[in-house]
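Protein chains in written order, with the numbering used here: chain A, 54 to 496; chain B, 54 to 496.
Just so it is clear, CB atoms sit at the ideal spot from N, CA and C, and this is done for glycine as well.
Computed from a predicted structure; not experimentally measured.
Number of protein chains: 2
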Amino acid sequence: MNGLLTDLYQLTMAAGYHLAGKTGDRAVFELFMRRMPPNRNFVVAAGLQQAVEYLLNLSFGEEEVRYLKDLAQFSRMPERFFDDLRRFRFTGDLYAVPEGTPLFPGEPFLTLRAPLMEAQIPETYLLATVGFQSLVATKSARLVEAAGGRAVVEFGTRRAHSPEAGVLAARASYIGGCIGTSNTLAGFKYGIPVFGTAAHSWVQAFPNEAEAFRRLQDLLGAGTVYLIDTYDTLEGARRAAELGGEFWGVRLDSGNLAELARAVRVVLDEAGYRGAKIMATGDLNEHKILEFVAGGTPIDVFGVGTELVISSDAPNHGAIYKLVELETEGERRFTAKYSAEKSTLPGAKQVFRYAQRDVLSTADDCGTGDCEALLRPVIYGGKLIEELPSAAEARRNAMERVGRLPKKLRSLFECDPPWEVELSGRLKGLSETVRSEMEGNGG
Amino acid sequence: MNGLLTDLYQLTMAAGYHLAGKTGDRAVFELFMRRMPPNRNFVVAAGLQQAVEYLLNLSFGEEEVRYLKDLAQFSRMPERFFDDLRRFRFTGDLYAVPEGTPLFPGEPFLTLRAPLMEAQIPETYLLATVGFQSLVATKSARLVEAAGGRAVVEFGTRRAHSPEAGVLAARASYIGGCIGTSNTLAGFKYGIPVFGTAAHSWVQAFPNEAEAFRRLQDLLGAGTVYLIDTYDTLEGARRAAELGGEFWGVRLDSGNLAELARAVRVVLDEAGYRGAKIMATGDLNEHKILEFVAGGTPIDVFGVGTELVISSDAPNHGAIYKLVELETEGERRFTAKYSAEKSTLPGAKQVFRYAQRDVLSTADDCGTGDCEALLRPVIYGGKLIEELPSAAEARRNAMERVGRLPKKLRSLFECDPPWEVELSGRLKGLSETVRSEMEGNGG
Chain A
54 MNGLLTDLYQ LTMAAGYHLA GKTGDRAVFE LFMRRMPPNR NFVVAAGLQQ
104 AVEYLLNLSF GEEEVRYLKD LAQFSRMPER FFDDLRRFRF TGDLYAVPEG
154 TPLFPGEPFL TLRAPLMEAQ IPETYLLATV GFQSLVATKS ARLVEAAGGR
204 AVVEFGTRRA HSPEAGVLAA RASYIGGCIG TSNTLAGFKY GIPVFGTAAH
254 SWVQAFPNEA EAFRRLQDLL GAGTVYLIDT YDTLEGARRA AELGGEFWGV
304 RLDSGNLAEL ARAVRVVLDE AGYRGAKIMA TGDLNEHKIL EFVAGGTPID
354 VFGVGTELVI SSDAPNHGAI YKLVELETEG ERRFTAKYSA EKSTLPGAKQ
404 VFRYAQRDVL STADDCGTGD CEALLRPVIY GGKLIEELPS AAEARRNAME
454 RVGRLPKKLR SLFECDPPWE VELSGRLKGL SETVRSEMEG NGG
Chain B
54 MNGLLTDLYQ LTMAAGYHLA GKTGDRAVFE LFMRRMPPNR NFVVAAGLQQ
104 AVEYLLNLSF GEEEVRYLKD LAQFSRMPER FFDDLRRFRF TGDLYAVPEG
154 TPLFPGEPFL TLRAPLMEAQ IPETYLLATV GFQSLVATKS ARLVEAAGGR
204 AVVEFGTRRA HSPEAGVLAA RASYIGGCIG TSNTLAGFKY GIPVFGTAAH
254 SWVQAFPNEA EAFRRLQDLL GAGTVYLIDT YDTLEGARRA AELGGEFWGV
304 RLDSGNLAEL ARAVRVVLDE AGYRGAKIMA TGDLNEHKIL EFVAGGTPID
354 VFGVGTELVI SSDAPNHGAI YKLVELETEG ERRFTAKYSA EKSTLPGAKQ
404 VFRYAQRDVL STADDCGTGD CEALLRPVIY GGKLIEELPS AAEARRNAME
454 RVGRLPKKLR SLFECDPPWE VELSGRLKGL SETVRSEMEG NGG
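Take a look at the structure:
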């Protein structure tokens, strides 16, 4: 992974720490969301696999080092610094919650403990990959909740913010509960089930719809999904049924989907295709899906694109990455920020999950009673401790854990009161101590 | 570029065309926006370089081919099809408007002419890269317009939809008019000026703010930007001034930016730092910038992150990729769609730009009088015709062409009437012919 894929200031700070003789300092940074994105009562953590791949492979090539040397910002740096970059590898520790775990404001998705420079440089990449994938996994969980047991498939790569974002959106959607994706590379790389048959251009590429359907049936047999809205949806449904032979079902992509689905269902049933499924696509979201489900619309599978991969109603993940501890020459300092809008708590943390609430505590605290510590070691001394769960395992984790949340938290709207995140006595004490120290020395 | 980075149905359609004996068919597809994103009066085309790199390098590795062979969708395909995939390369033609060109609804960003399968597979990737970058370049142009001559810098990689999206967002922001980016890889790859000095964690990593500032000055000298809001913004400004020595300026990242900027300006001026600049960051957008500028707020540089890289008010590019012509065994057919919401026009097109309007015409039409044909050949027979303009050249093109648009189009709100896109007589005639043919044969 190219070490330059970060904000320049991470690299100038790395240089500055080098110059200030702080290469021996060890830092602890935490990545978390200060508040929930709008209408969310939890966020499904995702993106850990990419975070780990990044940390284990982060390096600076010779050309990259030369590029930095030529920048004015590095003109005062000795050759030793550039040699350190050439030799750079991540030697620290990573703690994280398993992918698929629902999290709440202030709870770390991950914690990095490493030499200051190694912990600073990854900030940008970690925020972008964990923040984005968590956003999409969360949106996926909303769609799946709304679908109430019917299937949701991710179809949005073309609308993603770059093709690479499409691959990660497919992965995150699957973790959040979608049954699969249209993104073939995501299928190949992550073992995610892939879906898709034909577009309008297929129908247009043949002299008429009947021939287009017949040719598709030649290819896909019982797996065929006929896209029936290119010319006239009900005509399309009739043509599909008249062709005979087995097929999986039909897809509607335009018009009044609720009315059309009912009418198409009648056409298919009357033709003896009671088992044929109806898939709907076209600007769907959780609210439209909820209306279809509530109204008993005969749609079996929802294909969602745009709104899922860009998380349209909440496209900004808002995650932050904050320094919480720093050890300089054997002396440990806790850092925090105390302000109305942007306060943060000092010290490395642990999250203890109980049945009805979480306790956010210091990392060396112990949970009491029936609870689970969510943050677990993933990388230790620069080495991966054990293989990460697959996307399918992360998905199972999400389904299980989201399913266990109180029903009111799975509402599509903000619930009040939200899930309780209580601060442990030790964390409160530490926070008060740090606050009075900071007030004492005036910053 | 991995051929699997596409929707599965592009590949099943490719297989189906193979099976139907249509590998000799030649198709023309156009990529365009049916309508403007909200509040936009034009869209700045961007992403052509990535589209070209993709087309020239698109291929299928052996593992990828084996993955497809194992999918049920390809179970009926003969080995010859997989051999064709192994040998796949793009042999067609690409026409496109130069990056930085403002476009309007219905006008092609690019046109692909190629064997049907080669034109079908790229749809997903082309939409995602051109759509996304055009969205961000457009947002950038809005921010730059609002800033009225003051500088805007892109700082948003951490909020982008994946780290790779951050690199492309940096590139697109620069094309749209930003003066540079914090994304170092974008600087390295595309020659974009890079900016950035230090974060709050830098200030927190030293025993006090004064030492943090001094250490930064050691590194950056006259280029230093002090981030002054970690503890108390005005105190921070005084500390920066007291340090003595040259520095570039200060950065404000929280609080009431307008009030703080005025107060900080006074502190700096009184200390004799009349040349020191003030940069502001923190959830900025074009409307806030406009208010600062209108109010004469002494902010010299705006750093914009989230709202720029995810184009918050319009995160969906909505671009589409449509089949407009198909040649089968020497016979050419024009394809179109006629419906209230989703109609498209048949045939390959050209855009002629006049001073006060565009004329959308058939590709073989001629412009009359003082106009420019916007779509130009880029790839011919699978080969790049000439080197593409650099990001800096694309930026100059955008500045020049957007600057030439009537002022009312550069409003932050929809202008009425919008820029006129007239259909040429020939295009209208073709459309009517195709429509009556389609009605004749009932689809």
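- Taking 8 Å as the cut-off, the beta carbon of B:Val-354 is found closer than this to the beta carbon of B:Val-206.
- In this structure the region 202 to 218 of chain A does not lie against the region 455 to 467 of chain A, because fewer than three pairs of beta carbons, one per stretch, are closer than 8 Å.
- Setting aside the 5 residues that flank it on each side, B:Met-66 is surrounded in the same chain by Gln-173, each with a C-beta closer than 6 Å to its C-beta; the list follows chain order.
- Within chain B, the residues Leu-58 have their CB atoms less than 8 Å from the CB of A:Val-220, given in chain order.
- For A:Leu-379, the C-beta contacts it makes with chain B under 7 Å involve Ala-258, in order along the chain.
- About 4 Å separates the CB atoms of A:Ser-226 and A:Ser-193; that is less than 8 Å, so the two are in contact.
- Burial of B:His-71 is indicated by the presence of at least 16 other C-beta atoms within 10 angstroms of its C-beta.
- Rounded to whole angstroms, A:Arg-386 and A:Glu-378 show a C-alpha spacing of 6 Å.
- Secondary structure at A:Thr-277: coil, using DSSP grouped into helix, strand and coil.
- A:Gly-349 and A:Gly-201 have their alpha carbons spaced roughly 11 Å apart.
- B:Lys-461 has a beta carbon lying at 8 Å or more from every beta carbon in chain A.
- Taking the C-beta atoms as reference points, A:Phe-157 is found nearer than 8 Å to A:Val-474.
- Distance from the Cα of B:Gly-74 is smallest, within the candidate group A:Glu-171, A:Thr-237, A:Gly-77 and A:Arg-268, for A:Arg-268.
- Contact check between the region 228 to 239 of chain B and the region 443 to 450 of chain B: three or more CB pairs, one atom from each, fall below 8 Å, which counts as touching.
- Segment contact: the region 128 to 140 of chain B against the region 421 to 438 of chain B, fewer than three CB-CB distances shorter than 8 Å; contact not assigned.
- Using a Cβ distance threshold of 8 Å, A:Ala-181 and A:Phe-162 do not count as a contacting pair.
- In the structure shown, A:Thr-486 adopts helical secondary structure according to DSSP, grouped into three states.
- Distance from B:Thr-388 to B:Lys-402 at the Cβ level is roughly 13 Å; contact not present, criterion being Cβ atoms closer than 8 Å.
- Judged by pairs of C-beta atoms under 8 Å, the region 330 to 347 of chain B touches the region 357 to 371 of chain B, as three or more such pairs exist.
- If you ignore the 5 residues before and after A:Leu-427, its C-beta comes within less than 7 Å of the C-beta of Val-150, Thr-154, Val-404 and Arg-406, all in its own chain and listed in chain order.
- Of all C-beta pairs linking the region 236 to 244 of chain A to the region 230 to 242 of chain B, fewer than three are shorter than 8 Å, placing the two stretches out of contact.
- Chain B places no beta carbon closer than 8 Å to that of A:Met-89, leaving this residue out of the contacts.
- The beta carbon of B:Leu-280 lies closer than 6 Å to those of Ala-251 and Arg-304 in the same chain, with the five residues before and after it left out.
- Judged by DSSP secondary structure, B:Arg-406 falls within the beta strand (DSSP E) whose first and last residues are 402 to 406.
- Taking 9 Å as the Cβ-Cβ cut-off, the region 107 to 136 of chain B approaches chain A at Tyr-107, Glu-116, Glu-117, Tyr-120, Leu-121, Leu-124, Ala-125, Gln-126, Phe-127, Ser-128, Arg-129 and Met-130, given in chain order.
- With respect to chain A, the C-beta atom of B:Lys-341 has no partner C-beta closer than 8 Å.
- Sequence-distant partners of B:Ala-294 (beyond 5 residues in either direction) whose C-beta falls short of 7 Å from its own C-beta, in its chain, are Val-320, Leu-321, Ala-324 and Tyr-326.
- Taking every protein chain shown into account, the CB of A:Lys-341 has 16 or more other CB atoms within 10 angstroms, so this residue is buried.
- In the structure shown, the three-state DSSP call for B:Lys-395 is coil.
- Counted as a single uninterrupted DSSP element, the stretch harbouring B:Val-150 is not any alpha helix (DSSP H), since DSSP gives it neither H nor E.
- The C-beta separation of A:Pro-91 from A:Asp-366 comes to about 7 Å, placing the pair in contact by the 8 Å criterion.
- Just measuring C-alpha positions, the residue of A:Val-256, A:Ile-438 and A:Leu-64 sitting nearest A:Val-118 is A:Leu-64.
- Residues of chain B whose Cβ lies closer than 8 Å to the Cβ of A:Phe-141 do not exist, since the nearest Cβ in that chain is about 14 Å away.
- Inter-residue distance for B:Val-183 and B:Leu-165 is about 14 Å (C-alpha atoms, whole angstroms).
- Taking the beta carbon of A:Asn-450 as reference, no residue of chain B falls within 9 Å; the closest one sits roughly 22 Å away.
- Rounded to whole angstroms, the gap between the alpha carbons of A:Phe-134 and A:Asn-55 is 18 Å.
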